[in-house]
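S.K.:
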Amino acid sequence: MTMPNDYPPFSVLMSVYKSDNPNYLDFALKSIEQQTVKPNEIVLVEDGPISQELHEVIKKHTKLFEGNFKNIRLKTNNGLGVALKVGTKYISNQWIARMDSDDYSVPDRFEKQLKIITSQSDISAVGGQVAEFVTNINNVIGYRKVPVEKGLISDFIKWRSPINHPTVMLNKKSLINAGGYLPYGNLEDYFLWARMLSKNMKLYNSNDVLVHMRVDDGMYERRGKLKNIKFFYALRSFMYRNSLINLKEMILGDFIVTVNIIIPGWLRKIIYQRVLHK
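Sequential numbering of the sequence shown, starting at 1, is according to UniProt numbering.
(1) Can you tell me whether Ser19 is buried or exposed? The criterion is at least 16 other CB atoms within 10 Å of its CB, across all chains shown.
(2) From the DSSP output, in three-state form, read off Trp159 for me.
(3) Arg109 and Val130: beta carbons closer than 8 Å?
(4) Helix, strand or coil: how does DSSP classify Gly180 here?
(5) Could you please give the first and the last residue of the uninterrupted beta strand (DSSP E) stretch that includes Phe133?
(6) Do the CB positions of Asn164 and Val211 come within less than 8 Å of each other?
(7) In terms of residue numbering, what span does the alpha helix (DSSP H) encompassing Tyr190 cover?
(8) Buried or exposed for Asn171, please, with buried defined as at least 16 other CB atoms from any protein chain shown within 10 angstroms of its CB.
(9) If you draw a straight line from the C-alpha of Thr36 to the C-alpha of Leu247, how long is it?
(10) Go ahead and label Pro162 buried or exposed: buried means 16 or more other beta carbons lie within 10 angstroms of its beta carbon, across all protein chains shown.
(11) Please name the residue in Tyr190, Asn260, Val12 whose C-alpha comes closest to that of Trp95.
(12) Across which residues does DSSP place Gly142 in a beta bridge pair?
(13) Is any beta-carbon of chain C found at less than 8 Å from that of Pro107?
(14) Using the Cα positions of Met250 and Lys59, report the straight-line distance between them to the nearest angstrom.
(15) Taking Glu149 as part of the beta strand (DSSP E), name the residues at either end of that continuous run.
(16) Taking Cβ positions, are Leu44 and Met14 nearer each other than 8 Å?
(17) Taking DSSP as the reference, what is the three-state secondary structure of Met213?
(18) Please list the terminal residues of the continuous beta strand (DSSP E) segment that includes Val12.
(19) Would a C-beta distance cut-off of 8 Å place Phe10 and Asn93 closer than the cut-off?
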């Protein structure tokens with residue numbers, strides 16, 4: 001596969017599991033294949049047994065993709081953190097672009113991220129902005145806005161995840177040095193950014209929308225799972241021990257997290273749509 005000489009080769013890392021919609025996966029993979037700068041490798045991890053329909057989509061794109069398509073099959077469903085940790089072992093390149101199985105990457109997403117990577121030194125991760133949509137990508141209902149510079153990212157992480165995980169492009173060496181992906185409830189990405197910042201790695205975000213993220217009411221319910229609260233508390237304790245937050249910020253953050261967990265889903269949806277992701 002041809003690629004501009006000034007851009008490093010990169011891989012796309014994805015995970016799919018049995019409940020994923022085959023049409024959404026097809027849409028996501030098409031958005032990778034239609035990029036202005038294409039990856040030379042896709043590593044897709046099947047997180048446990050999946051449907052025949054999903055297998056057909058994967059088979060189709062294995063033939064269509066103009067590069068190396070690695071399909072890794074796990075015998076049991078272990079969650080995103082484990083799937084990505086396994087998938088990382090199969091990555092051949094130094095840069096890894098994350099992509100979820102039901103999202104859409106804008107056509108020049110990778111090109112924009114690679115321009116940032118090649119124009120700045122020692123970057124460990126580059127993310128971007130997200131447009132949330134329902135039904136089709138033109139029906140945008142909100143945005144997940146994150147700060148650009150490292151200093152603002154360091155402030156933002158005190159309260160919320162500072163990088164939109166489905167948009168990120170990671171340096172593999174930095175990822176491994178930070179401990180790699182780990183199972184951590186629904187917070188494997190937030191925990192990763194905290195570990196990277198604790199090691200003074202350089203994180204950055206593009207100001208541009210790089211990914212259109214599909215949302216539904218289930219997303220707001222998942223953010224209120226009681227079992228996640230222990231991971232939130234553990235994460236904030238980690239940030240406190242590593243001087244990413246002070247004691248006052250840890251206590252206040254724990255209170256906010258607790259309230260977010262216990263409020264009803266309909267109220268959480270209003271807060272996210274009208275305040276956090278407007």
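From the three backbone atoms N, C-alpha and C, an ideal C-beta is built for every residue, glycine too.
M.R.: Let me spell this out:
(1) Along the sequence shown, read from residue 1 onward, the residue named residue 19 stands at position 19. In this structure Ser19 is exposed. Its beta-carbon is surrounded by fewer than 16 other beta-carbon atoms within 10 angstroms.
(2) To locate residue 159, count along the sequence shown from 1; it is residue 159. Taken through DSSP and simplified to helix, strand or coil, Trp159 comes out as coil.
(3) By 1-based counting over the sequence shown, the position of residue 109 is 109. By 1-based counting over the sequence shown, the position of residue 130 is 130. No, Cβ-Cβ distance for Arg109 and Val130 is not below 8 Å.
(4) One-based indexing of the sequence shown puts residue 180 at position 180. Coil.
(5) Reading the sequence shown from its first residue, position 133 is the one you call residue 133. Start and end: 123 to 133.
(6) Taking the first residue of the sequence shown as 1, we reach residue 164 at position 164. Taking the first residue of the sequence shown as 1, we reach residue 211 at position 211. Yes, the Cβ-Cβ distance between Asn164 and Val211 is below 8 Å.
(7) If you number the sequence shown from 1, residue 190 lands on position 190. From DSSP, the alpha helix (DSSP H) with Tyr190 extends over 188 to 198.
(8) Taking the sequence shown and counting its residues from 1, one reaches residue 171 at position 171. Under this definition Asn171 is a buried residue.
(9) Numbered from its first residue, the sequence shown carries residue 36 at position 36. Numbered from its first residue, the sequence shown carries residue 247 at position 247. Take the alpha-carbon of Thr36 and the one of Leu247: they are about 46 Å apart.
(10) Within the sequence shown, residue 162 is the residue found at index 162, counting from 1. Counting Cβ neighbours within 10 Å, Pro162 comes out buried, since at least 16 surround it.
(11) For this step, residue 95 is matched to residue 95 along the sequence shown. Minimum Cα-Cα distance from Trp95 among the listed residues Tyr190, Asn260, Val12 corresponds to Val12.
(12) Locating residue 142 in the sequence shown gives position 142, counting from the first residue. Answer is Glu132, bridged to Gly142.
(13) Checking the listed chains, one finds no chain C in this structure; it contains a single protein chain.
(14) Looking up residue 250 in the sequence shown gives position 250. Looking up residue 59 in the sequence shown gives position 59. Answer to the nearest angstrom: the Cα atoms are 47 Å apart.
(15) Start at 1 with the first residue of the sequence shown, and residue 149 comes out as number 149. Counting along the chain, Glu149 falls outside any beta strand (DSSP E), and DSSP gives it neither H nor E.
(16) What you label residue 44 is simply residue 44 of the sequence shown in a count that begins at 1. What you label residue 14 is simply residue 14 of the sequence shown in a count that begins at 1. A contact, by the Cβ cut-off of 8 Å.
(17) On the sequence shown, residue 213 is found 213 positions in, with the first residue counted as 1. If DSSP states are grouped into helix, strand and coil, Met213 belongs with the strands.
(18) Taking the first residue of the sequence shown as 1, we reach residue 12 at position 12. Its beta strand (DSSP E) spans residues 10 to 16.
(19) Numbered from 1 along the sequence shown, position 10 holds the residue referred to as residue 10. Numbered from 1 along the sequence shown, position 93 holds the residue referred to as residue 93. Yes.
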